[in-house]
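Asks: First to last, the protein sequences are chains A and B.
Going by the numbering used here, the first sequence opens with residue 1, and the numbers climb by one from there.
Going by the numbering used here, the second sequence opens with residue 1001, and the numbers climb by one from there.
Don't be surprised by glycine CBs; every beta carbon is placed ideally from N, CA and C.
So that we are looking at the same thing, I have put the structure below in structure tokens.
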Amino acid sequence: MSRVLVPCHVKGTVALQVGDVRTSQGRPGVLVIDVTFPSVAPFELQEITFKNYYTAFLSIRVRHHPSAHTPAKWVTCLRDYCLMPDPHSEEGAQEYVSLFRHQMLCNMARVSELRLILRQPSPLWLSFTVEELQIYQQGPKSPSMTFPKWLSHPVPCEQPALLCEGLPDPSRVSSEVQQMWALTEMIRASHTSARIGRFDVDGCYDLNLLSYT
Amino acid sequence: MLQEESDLSLIIAQIVQKLKGSNLYSQLERQAWASLQRPEIKLESLKEDIKEFFKISGWEKKLQNAVYSELSVFPLPSHPAAPPEHLKEPLVYMRKAQGSWEKRILKSLNSMCTELSIPLARKRPVGEQKELLNKWNEMGTDEPDLSLFRPVYAPKDFLEVLINLRNPNYENGDSLSFRTHLGLIQVPLKVKDIPELKECFVELGLNTGQLGIDDSTQVPPELFENEHVRIGQKVLAEQDSAAAQQYIRQGSPTALRAELWALILNISSEPEDVLYYEQLKTNVIQHDLLVDSLIYKVLLCFSRDTSVLSHFAYNSASPPKSYIRGKLGLEEYAVFYPPNGVIPFHGFSMYVAPLCFLYHEPSKLYQIFREMYVRFFFRLHSISSHPSGIVSLCLLFETLLQTYLPQLFYHLREIGAQPLRISFKWMVRAFSGYLATDQLLLLWDRILGYNSLEILAVLAAAVFAFRAVNLMEVTSLAAAEAVLADLSTLKVMPLLQIFLFATVT
Chain A
1 MSRVLVPCHV KGTVALQVGD VRTSQGRPGV LVIDVTFPSV APFELQEITF KNYYTAFLSI
61 RVRHHPSAHT PAKWVTCLRD YCLMPDPHSE EGAQEYVSLF RHQMLCNMAR VSELRLILRQ
121 PSPLWLSFTV EELQIYQQGP KSPSMTFPKW LSHPVPCEQP ALLCEGLPDP SRVSSEVQQM
181 WALTEMIRAS HTSARIGRFD VDGCYDLNLL SYT
Chain B
1001 MLQEESDLSL IIAQIVQKLK GSNLYSQLER QAWASLQRPE IKLESLKEDI KEFFKISGWE
1061 KKLQNAVYSE LSVFPLPSHP AAPPEHLKEP LVYMRKAQGS WEKRILKSLN SMCTELSIPL
1121 ARKRPVGEQK ELLNKWNEMG TDEPDLSLFR PVYAPKDFLE VLINLRNPNY ENGDSLSFRT
1181 HLGLIQVPLK VKDIPELKEC FVELGLNTGQ LGIDDSTQVP PELFENEHVR IGQKVLAEQD
1241 SAAAQQYIRQ GSPTALRAEL WALILNISSE PEDVLYYEQL KTNVIQHDLL VDSLIYKVLL
1301 CFSRDTSVLS HFAYNSASPP KSYIRGKLGL EEYAVFYPPN GVIPFHGFSM YVAPLCFLYH
1361 EPSKLYQIFR EMYVRFFFRL HSISSHPSGI VSLCLLFETL LQTYLPQLFY HLREIGAQPL
1421 RISFKWMVRA FSGYLATDQL LLLWDRILGY NSLEILAVLA AAVFAFRAVN LMEVTSLAAA
1481 EAVLADLSTL KVMPLLQIFL FATVT
């Protein structure tokens, strides 16, 4: 299924915290990231990908335009999706994640805004967020081809003219050529990942020092 | 469902791509062509008939074993957006730590090179080549004179690096919290606790027969041993890798071990493999490497084996690079050094030594060692977050000790004898050289059976539990080392079984 990247604007993260940020101890456990699409009309969201950075749970709300007449409303499409099975340990902390339309709780047609709600209940991490956020909509379906008439309605076979004696049967030759062509295509397509085994350069392995880069 | 289907087709495509370059692929092709002459192969049902032929002749099983082998070794395909470094090691700070550690090793090797005025590599003069070829068979067990060379690094240098590993996004403050790590490892990797270990190592339980316990002289062989040997012979007759791996969790009979390990590691003895080994031997004869002085025969060939480079796709470490003399910076003259990308450390040969008891034919011994290295041993000396990586094993050991033997842990800590300082060297060498050989092989049976190195950490904790009474009485690190100096009389399987399944918590 093809997909098309939708240019988006990711606003800065906003921490949700009870009390005064300056005086209270402890770090916020909830962050909100708003994503808008300034130059794009409401679209059908296909896929969201990002790189996690120590976020434990993710919820997503979308601003949804059901039709041209009804006003837009916010709907939760993902609730408490677990990114880190144990919020106190490293598992899943820096993984790449993809979320698809079929995993969402609601219809993803006509989306105009996204709000990501990140939660990290463990006090052990200094910060958490999601990075490299990318939103995709469904790509165009393969265009239907119209064949020219002579391809879709071939004329009935004509009788081939009798060739001189000694020449091979043309239909047999053409089928053999076709087989050979198919074989060469196959060989060209299947390149192996097997190594050759040489470690020297043209028989020379006279080295200087090890390189640090 | 959509996602799982596309994941599965991606895995299948990846395995097919890998197998296409293998010997097995060309053998299957040859067999398929040859089978066309057989009377039962009909043109109308060609595909089904050939498939049936493969099934009957055992080739399908060989293919199944190859696929199973790929699945065991290579991690699942990662997210398409993930760069290749992410597959080697997902945590950025660990990648950086591994990079710095590698740089230290390279500097050490380079300075050894300049101080001793010995080149990293040189082509042997013809006379020397002839001499080496003649001496090759006698070279077997003698270690060369290492007096001039200091080891590139020793396990305890590596331990210091692991102790200093820190996650920059982690609360590393001095104030004690509910998650303060009282051991030496300070990174919060996920490790299993005893209930999870019991589930994972269920075949080691009290109600399951084990070699190493239920084959002792007091137990009549009719109770377990005879039947177990019979099943082992059947598994070998079927040539099924997955069945062998399951079977070996209860230990391998001595007579069947060499074949069972070869089946699990999917090592065949084709003429091509013997030829490959001979080619490596030729490379050894032709070029002399600085690292040669640190190791011996099988490892000499291992250093020249470029096929080992492919394991760096899932190893957090990277192969050192160098340039042909005079061509610094020119990419066409860039090479890996040593050719297999692995710089051996002090005691590296201990990974090979136990295998010499099982395999006498050099090319088979070589293949088994190489496969064991790229599946398991490399994880013991590179910094990564993998559950079988050395960092996780250290943390697992410390956590098990702290949770289930808190008094002992506290006491050792108080006297300045952090337990990991003693057990690290055991785990890094997979206990080779510390246990009696037959016990070591029973332990390595389980590494193969469970496709994981976690059993090393569990055994280390079990050893401390076994000697707890004596350890509670010591008052210094040196005394604690003395209590744990000699492991050669230990019986591995009873220790593991008691620690996991019979300790009252």
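Shorter than 7 Å from the beta carbon of Leu-45(A) to some beta carbon of chain B?
Replies: Answer no: the Cβ-Cβ gap between Leu-45(A) and chain B never drops below 7 Å.
Asks: Considering only C-alpha positions, which residue in the set Glu-131(A), Ser-59(A), Gln-120(A) and Ser-122(A) is nearest to Cys-106(A)?
Replies: When the alpha-carbon of Cys-106(A) is set against those of Glu-131(A), Ser-59(A), Gln-120(A) and Ser-122(A), the nearest one is in Ser-59(A).
Asks: What residues are listed by DSSP as bridge partners for Glu-47(A)?
Replies: Phe-100(A) and Tyr-136(A)
Asks: Please compile the residues from chain B whose C-beta is within a distance smaller than 8 Å of the C-beta of Asn-208(A).
Replies: Leu-1120, Ser-1322, Tyr-1323, Ile-1324, Arg-1325, Gly-1326 and Leu-1328
Asks: Alpha carbons only, please: which of Gln-1279(B), Leu-1358(B), Tyr-1277(B) and Asn-1110(B) is nearest the one belonging to Glu-1259(B)?
Replies: Leu-1358(B)
Asks: Among Gln-1250(B), Val-1469(B) and Ser-1316(B), which residue has its Cα nearest to the Cα of Ile-1447(B)?
Replies: Gln-1250(B)
Asks: Give the straight-line distance between the Cα atoms of Gly-1449(B) and Glu-1199(B), rounded to the nearest whole angstrom.
Replies: 15 Å
Asks: Considering only DSSP beta bridges, list what Asn-52(A) is partnered with.
Replies: Val-130(A)
Asks: Considering only the alpha carbon of each residue, which of Arg-63(A), Ala-41(A), His-88(A) and Tyr-136(A) lies closest to Ala-56(A)?
Replies: His-88(A)
Asks: Would you be able to state if there are at least three C-beta pairs under 8 Å between the stretch 1228-1236 of chain B and the stretch 1476-1488 of chain B?
Replies: Output reads no: the stretch 1228-1236 of chain B does not touch the stretch 1476-1488 of chain B.
Asks: At a CB distance below 7 Å, what residues from the stretch 1161-1180 of chain B approach chain A? Give them in sequence order.
Replies: Asn-1169, Tyr-1170, Glu-1171 and Arg-1179
Asks: Between Cys-77(A) and chain B, is the shortest Cβ-Cβ distance under 7 Å, so that the two count as touching?
Replies: no
Asks: What is the DSSP secondary structure of Val-1428(B), reduced to helix, strand or coil?
Replies: Val-1428(B): helix per DSSP, three-state reduction.
Asks: Should Asp-1142(B) be flagged as near chain A, meaning a C-beta pair shorter than 7 Å?
Replies: Interpretation of Asp-1142(B) is limited by its pLDDT of 49, a score under 50 that renders its predicted location unreliable; no figure is taken from the coordinates.
Asks: Look at the alpha carbon of Lys-1088(B) and the alpha carbon of Phe-1345(B), and state the distance between them as a whole number of angstroms.
Replies: 21 Å
Asks: Answer yes or no: does any C-beta atom of chain B fall closer than 7 Å to that of Thr-192(A)?
Replies: The predicted position of Thr-192(A) is uncertain, since its pLDDT is 47 and thus under 50; a value taken from the coordinates is nonetheless stated next. Residue-level contact check: Thr-192(A) touches chain B, since one or more beta carbons of chain B fall below 7 Å from its beta carbon.
Asks: Alpha carbon to alpha carbon, how far is Val-1229(B) from Arg-968(B)? Give it in angstroms, no decimals.
Replies: For residue 968(B) there is no data in the structure shown, the boundaries of chain B being 1001 and 1505.
Asks: Check the Cβ-Cβ distances between Pro-1083(B) and every residue of chain A, and say whether any is below 7 Å.
Replies: no
Asks: Flag Cys-204(A) as yes if its beta-carbon sits less than 7 Å from any beta-carbon of chain B, otherwise no.
Replies: yes
Asks: Please confirm whether Tyr-212(A) has its beta-carbon closer than 7 Å to some beta-carbon of chain B.
Replies: yes
Asks: Of all Cβ atoms in chain A, is any one closer than 7 Å to the Cβ of Tyr-1314(B)?
Replies: no
Asks: Glu-95(A) versus chain B: which residues are under 7 Å apart at the beta carbon?
Replies: Pro-1090
Asks: Measure the C-alpha to C-alpha separation of Thr-1141(B) and Gly-1433(B) and round it to an integer number of angstroms.
Replies: Low confidence applies here, because Thr-1141(B) scores a pLDDT of 46, under 50, leaving its location unreliable; read the following figure in that light. Between the alpha carbons of Thr-1141(B) and Gly-1433(B) lies a gap of roughly 15 Å.
Asks: Is the stretch 1201-1212 of chain B in contact with the stretch 1185-1192 of chain B, if contact means three or more CB pairs nearer than 8 Å?
Replies: no
Asks: Over the uninterrupted alpha helix (DSSP H) stretch that includes Glu-1115(B), give me the two end residues.
Replies: 1092-1116
Asks: If Thr-1437(B) and Pro-1354(B) are in contact, beta carbons under 8 Å, what's the gap, nearest whole angstrom?
Replies: Right, their Cβ atoms sit about 6 Å apart.
Asks: Is Glu-131(A) close to chain B? Criterion is C-beta to C-beta, closer than 7 Å.
Replies: no
Asks: Just the C-alpha distance for Leu-1165(B) and Pro-121(A), rounded to the nearest angstrom, thanks.
Replies: 24 Å
Asks: Does DSSP put Phe-57(A) in a helix, in a strand, or in coil?
Replies: strand
Asks: Is any beta-carbon of chain A found at less than 7 Å from that of Tyr-1351(B)?
Replies: no
Asks: Are there 16 or more other CB atoms within 10 angstroms of the CB of Ser-1322(B), so buried, or fewer, so exposed?
Replies: buried
Asks: Beta-carbon of Ser-2(A) versus every beta-carbon of chain B: anything under 7 Å?
Replies: No, Ser-2(A) does not count as interfacial toward chain B.
Asks: At 4 residues or longer, and completely inside the stretch 1213-1238 of chain B: list those alpha helix (DSSP H) runs for me, N to C.
Replies: Fully enclosed alpha helix (DSSP H) runs of 4 or longer: 1225-1238.
Asks: Between Pro-1195(B) and chain A, is there a C-beta pair that is closer than 7 Å?
Replies: no
Asks: Is any beta-carbon of chain B found at less than 7 Å from that of Ser-231(A)?
Replies: Residue numbering for chain A in the displayed model covers 1 to 213; residue 231(A) lies beyond these limits and cannot be assessed.
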